[in-house]
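Read through the structure below, which is laid out as structure tokens, and then see the notes.
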Amino acid sequence: MRIALVSDVHANLAALEAVLAEADRAGAEQLWCMGDMVGYGAEPDAVIARLREAGAQCVMGNHDAAALGKISIDDFNANAAAAARWTAETISPETRDYLEALPLTLGDDFATRCHGTLANPIWEYLVTYPAALGHFALQTTPCSVVGHTHVPLFIRKPGEGEELDIVRPGDGDVVELGAGLVCINPGGVGQPRDGDPRACWALLDTAAGHVTFHRVPYDIATTQRLITEAGLPPQLAARLALGR
Ligand code: ZN
């Protein structure tokens, strides 16, 4: 099975379309989305409609929860909070219903998926060694997939008491799943944060036992124009060109 892994689309339709076109060409049979479909960008309804059309299996992220008023935005920075308020006021009833029904975790015998970490699916960033250890302690499947950081990452826990293997994959990198537990973060589709503005995604090939990380250029100018026209904070448009 070839599965396209995406996360943090953040209401950026041009980035999502570019990723879906490439995933299609790569023969992806399923689409897994690790949350934060909305927030920051100006196209929440269009992005949700496109993900549903593509049959995406999605979990809830902190920005999805914020758009529903399920979590406080006190911990959001000013621009994120402004975008969360705009999103809450803008989304259609259909989008709201879809977001309301999202699970915090999703999975099968092979892979468990969530936005942050298995210890705290909504909020925790899997960026520190202790956070990774806490995540793996709760992982009961060989593989897990997360998002939230907007940075591609691959971590392997070879065995009990062994050091974690940490890979920061670049465009085109193929990483063998191997033995032990693994955790994959495909990076952010709609707002990459590793200094490369190209949209991130990954192709998990369960038969081949590897995951390939990809970057794809998209029409950043159109997304920026829509953010500006919507009256969202201009910094949310500017950062897309920087990949920050
Ligand atoms: Zn996000």
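FYI, the numbering for the sequence shown is 1 to 244, going by our numbering. Ideal Cβ placement from N, Cα and C applies to all residues, glycine included.
By the three-class DSSP mapping on this structure, what secondary structure does residue i have?
i      : result
Thr212 : strand
Asp205 : strand
Asn120 : coil
Gln235 : helix
Thr222 : helix
Asp97  : helix
Asn12  : coil
Leu31  : strand
Arg113 : strand
Arg2   : strand
Ile184 : strand
Ala26  : coil
Leu68  : coil
Once you ignore the five residues that flank residue i on each side, which residues in its own chain have a CB closer than 7 Å to its CB?
i      : result
Thr222 : Ala14
Thr95  : Pro44, Asp45, Ile48
Using a Cβ-Cβ cut-off of 8 Å (strictly less than) and excluding sequence neighbours within five positions of residue i, which residues of its own chain qualify?
i     : result
Leu51 : Val9, Leu16, Leu31, Cys33, Met37, Cys58
Glu29 : Met1, Arg2, Ile3
For residue i, tell me which candidate among the options has the shortest Cα-Cα distance.
i      : options                        : result
Asn79  : Pro234, Cys114, Thr212, Leu242 : Pro234
Gly107 : Ser144, Ala132, Leu20          : Ser144
Gly161 : Leu133, Gly170, Gly190         : Leu133
Pro93  : Glu53, Ala207, Pro103, Ile48   : Ile48
Ala23  : Val175, Val182, Leu226, Val211 : Val211
Trp123 : Arg168, Asp173, Ile166, Val146 : Val146
Arg244 : Val151, Glu176, Ala83          : Val151
Glu229 : Gly41, Val6, Asn120, Gly27     : Gly41
Within 10 Å of its beta-carbon, does residue i have 16 or more other beta-carbons around it, so buried, or fewer, so exposed?
i      : result
Asp64  : buried
Asp194 : buried
Asn330 : With the chain covering only 1 through 244, there is no way to say anything about residue 330.
Met1   : exposed
Ala101 : exposed
Ala179 : exposed
Leu138 : exposed
Gly69  : exposed
Ala207 : exposed
Excluding the five sequence neighbours on either side, which residues of its own chain have a C-beta within less than 6 Å of the C-beta of residue i, listed in chain order?
i      : result
Ala199 : Ala15, Ala18, Val19, Val189, Val216, Tyr218
Asn12  : Gly41, Gly190, Thr223
Practice problem: Within the stretch 123-182, note down every full alpha helix (DSSP H) run reaching 4 residues or more, in order along the chain. | Solution: 129-138
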